[in-house]
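Quick notes on the structure that follows.
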Amino acid sequence: MQDPEFERIGKRLIQEGLLSGNFGNMSVRSKDGFYITASGSFLDNPGELVYVSRTKGVGTGASSEYRVHQKIYEMTDGTAIVHAHPPFAVAASFGGDAIVPIDSEGKMFLPSIPIADGEPGTEALAESVGEKSGISPVVIARGHGTFACAQSLEKAYLLTAITEHAAKVLYYRRSF
Ligand SMILES: [Zn+2]
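Per this note's numbering, the sequence shown starts with residue 53, numbered consecutively.
Structure representation (structure tokens):
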């Protein structure tokens, strides 16, 4: 399965510096599972998506972070997930258990962004992000990146951009 929306959103993520190289992944919910970008694929040219089924298992070549996506879909009614590596949000994640935005959009849409722990690709990370996705549409894996869940890839991308903007404002605020 291919979906041009993945490429459109992938291009935005890269153009806006929300991820670099071939990092990050995206998925959309479907029937008894979800379609996710392949491991190592570039999000501005994602190609063939891989299906992860709740009953029939994981398709060959699925992104190594499929466990986190699976857990978020179990814990929420969201239908799309964007995972990116926005540098300011990652830097801000080392501080505590949540980022509390001070800018107006951040305060409105994401008043407290929880931080999850666990090594990339592990069940521990999936558990930690999944648990916190019940209280916030964006969760940051400490030192790693954002997982944003919404009703479309575009909305999940917007939440990712709001998170990075909030982290940037917190950073720049310190210089005044
Ligand atoms: Zn990642």
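C-beta: ideal position from N, C-alpha, C; glycine also.
What you are looking at is a predicted structure, and each value in this text was computed from that prediction instead of being measured.
Item checked: Buried versus exposed call for Met78 [16 or more other C-beta atoms within 10 Å across all chains shown] -> It counts as buried.
Next item on the list: State whether the segment 140-147 contacts the segment 116-126, with contact taken as three or more CB pairs (one from each stretch) at a distance under 8 angstroms.
Entry: No contact exists between the segment 140-147 and the segment 116-126.
Item checked: Thr198, enclosing beta strand (DSSP E) - first and last residue -> 197-202
Notebook entry, point to check: Taking Cβ positions, are Asp169 and Ser180 nearer each other than 7 angstroms?
Noted result: yes
Checklist line | From Ala114, Asn74, Gly69, Lys108, residue whose alpha carbon lies closest to that of Leu95 | finding: Asn74
Margin query: On the DSSP letters alone, give me the boundaries of the alpha helix (DSSP H) that Arg225 sits inside.
Written below: 205-225
Notebook entry, point to check: Is Gly147 near ligand 1, in the sense that its beta carbon is under 6 angstroms from a heavy atom of that ligand?
Noted result: no
Item checked: Length-filtered (3 minimum) beta strand (DSSP E) runs lying within the segment 78-128 -> 85-88, 102-105
Check: Which of helix, strand or coil does DSSP assign to Val190?
Finding: Looking at Val190 - three-state DSSP - the assignment turns out to be strand.
Item checked: Alpha carbon of Pro172 to alpha carbon of Ser91, nearest angstrom -> 13 angstroms
Note to self: Can you tell me whether Val142 is helix, strand or coil according to DSSP?
What the structure shows: Under the three-state reduction of DSSP output, Val142 falls in the helix class.
Next item on the list: Give a single yes or no on whether Gly197 has its beta carbon closer than 6 angstroms to a heavy atom of ligand 1.
Entry: Yes - ligand 1 has a heavy atom lying nearer than 6 angstroms to the Cβ of Gly197.
Margin query: Between which residues of its own chain and Asn97 is the CB-CB distance below 7 angstroms, once the five residues before and five after are set aside?
Written below: Glu59
Notebook entry, point to check: Considering only the beta carbon of each residue, do Leu39 and Val191 sit closer than 7 angstroms?
Noted result: Outside the displayed range of the chain (53 to 228) lies residue 39, so it cannot be described from this structure.
Checklist line | According to DSSP, residues forming a beta bridge with Ala132 | finding: Val80, Ala202
Next item on the list: Mind reading off the beta-carbon distance from Ala150 to Ile165? Whole number of angstroms is fine, and I expect it under 8 angstroms.
Entry: Indeed, because the Cβ distance is near 6 angstroms, the residues count as touching under 8 angstroms.
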